[in-house]
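Working notes for the structure below.
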Amino acid sequence: MNRRTFLQTTGGVAAGTLVAGCIGSSGRTVTVDYAYYNPVSLVIREHGWLEEAFADADAEVEWVLSLGSNEANEYSQSGEADVASTAGIAALMARSNGVPIRTPYIYSEPEWTALVTNSDSDIEDVADLEDKSVAATRGTDPYFFLLQALEDAGLTEDDVEVVHLQHPEGQTALVQDDVDAWAGLDPHMAELELEHDVDLFFREPGYNTYGFLNVLESFLEDHPDDLQRVLETYERGRQWALENPDETAGILASESEMSEPVAERVFVDRNDLGQPRPGDEHRSLLEDLAPILTGEGMVADDADPAGSIDELIDSETATTVID
Numbered sequence: 665m666n667r668r669t670f671l672q673t674t675g676g677v678a679a680g681t682l683v684a685g686c687i688g689s690s691g692r693t694v695t696v697d698y699a700y701y702n703p704v705s706l707v708i709r710e711h712g713w714l715e716e717a718f719a720d721a722d723a724e725v726e727w728v729l730s731l732g733s734n735e736a737n738e739y740s741q742s743g744e745a746d747v748a749s750t751a752g753i754a755a756l757m758a759r760s761n762g763v764p765i766r767t768p769y770i771y772s773e774p775e776w777t778a779l780v781t782n783s784d785s786d787i788e789d790v791a792d793l794e795d796k797s798v799a800a801t802r803g804t805d806p807y808f809f810l811l812q813a814l815e816d817a818g819l820t821e822d823d824v825e826v827v828h829l830q831h832p833e834g835q836t837a838l839v840q841d842d843v844d845a846w847a848g849l850d851p852h853m854a855e856l857e858l859e860h861d862v863d864l865f866f867r868e869p870g871y872n873t874y875g876f877l878n879v880l881e882s883f884l885e886d887h888p889d890d891l892q893r894v895l896e897t898y899e900r901g902r903q904w905a906l907e908n909p910d911e912t913a914g915i916l917a918s919e920s921e922m923s924e925p926v927a928e929r930v931f932v933d934r935n936d937l938g939q940p941r942p943g944d945e946h947r948s949l950l951e952d953l954a955p956i957l958t959g960e961g962m963v964a965d966d967a968d969p970a971g972s973i974d975e976l977i978d979s980e981t982a983t984t985v986i987d
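Per the numbering used here, the very first residue in the sequence shown carries number 665; after that it's consecutive.
Spelled out as structure tokens, the structure:
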């Protein structure tokens with residue numbers, strides 16, 4: 665799989681997602697993504713803290729919306745974002761396919777995905793998915809969650825019909841009975857759980873691969889002071905979110921146009937911000953999952969996902985900013 669193929673298989677960029685941050689005369693722009701699955705990014709953007717951090721720097725800030733890890737990876741691949749947030753396995757897939765990213769910061773440990781079906785469905789467990797249609801977003805944590813669940817049940821992707829849709833579209837497809845099940849992602853999944861008649865019929869927190877904050881290697885090497893500003897701002901946002909969970913849920917609700925109860929389910933009940941430093945637990949999880957990338961043809965034939973883990977995980981850069 666070459667880089668062009670990688671882009672094609674991980675989805676297209678949503679049009680019109682660039683949002684200007686601070687305006688200045690500098691020709692250099694620091695582009696950072698925000699995502700509904702990354703509540704800390706929403707906190708930072710809401711308070712204008714990144715613009716504040718760069719107020720005395722010769723750079724402008726620009727925000728770009730990522731609707732899923734696949735889009736965040738595409739921003740990194742194309743160089744449109746210096747900093748982007750993905751799930752851990754999606755970051756490893758990108759790195760294995762030659763996207764020059766590193767992960768110096770973990771923005772959350774979430775249980776943000778599960779397998780979902782309508783309550784009147786005859787699907788009760790993963791084995792019941794055989795010959796059924798399942799919506800999933802290729803290249804994202806819910807997709808890999810689905811693959812692991814199928815493997816546990818003695819099935820493969822060939823035993824089901826995977827309908828490749830972006831997360832919001834998968835949510836809609838399930839509600840409209842266009843698919844039998846959905847590999848869900850919060851906050852869309854929490855909205856269905858609380859506001860529609862659905863069942864989360866398979867949950868396994870250990871199959872969620874953390875929230876990775878990825879940076880382009882060129883940004884890390886050429887602009888270390890800028891990266892330091894970004895990481896310091898992320899740490900400020902993380903600490904504020906820990907101290908103000910209800911307010912953070914309110915920001916998530918406002919940004920995603922979802923109800924307060926949905927946002928509380930996502931952030932308060934299913935997000936842990938306690939370990940922002942990448943470490944051995946993240947390496948170990950990716951080592952367990954690396955064979956899936958090869959087995960499912962998600963990486964180039966000559967790629968080495970296991971060997972790419974050390975290239976991806978950066979345990980040192982953020983050491984000075986993490987409390």
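Positions of the beta carbon are idealized from the N, C-alpha and C atoms, including for glycine.
Through-space distance from residue 880 to residue 712, alpha-carbon basis: 23 Å
Straight-line Cα distance separating residue 818 from residue 765: 34 Å
Leaving out five residues on either side along the sequence, give the residues of the same chain with a beta carbon under 6 Å from the beta carbon of residue 797. 825, 827, 843 and 844
With DSSP as the reference, identify every bridge partner of residue 984, one or two as the case may be. According to DSSP, residue 984 bridges with nothing at all.
Residue 766 bridges to which residues according to DSSP? 879
Tell me whether residue 774 sits in a helix, a strand or coil according to DSSP, three-state version. strand
Taking the alpha-carbon of residue 946 as reference, which of 918, 976, 963 and 832 has the nearest alpha-carbon? 976
For residue 690, does the three-state DSSP call read helix, strand or coil? With a pLDDT of 47 at residue 690, under the threshold of 50, the modelled position of this residue cannot be trusted; read the value that follows with caution. Coil at residue 690, not helix or strand.
According to the Cβ coordinates, are residue 988 and residue 769 closer than 8 Å? Outside the displayed span of the chain (665 to 987) sits residue 988, for which this structure offers no information.
Extent of the continuous alpha helix (DSSP H) run through residue 897: 888-907
My output table needs one value for residue 872: the three-state DSSP class, helix, strand or coil. coil
Just to confirm, is the Cβ distance from residue 908 to residue 774 under 8 Å? no
Reduced DSSP secondary structure (H/G/I, E/B, other) of residue 787: coil
Looking at residue 927: is its Cβ nearer than 8 Å to the Cβ of residue 938? no
Within 10 angstroms of its Cβ, does residue 959 collect 16 or more other Cβ (buried), or is it exposed? exposed
Would you mind reading off the limits of the alpha helix (DSSP H) that contains residue 723? Per DSSP, residue 723 belongs to no alpha helix (DSSP H) and is neither H nor E.
Counting C-beta neighbours from all protein chains within 10 Å, is the total for residue 932 16 or more, i.e. buried, or is it exposed? exposed
Those runs of the alpha helix (DSSP H) which lie wholly inside the region 807-840 and span at least 4 residues: 831-839
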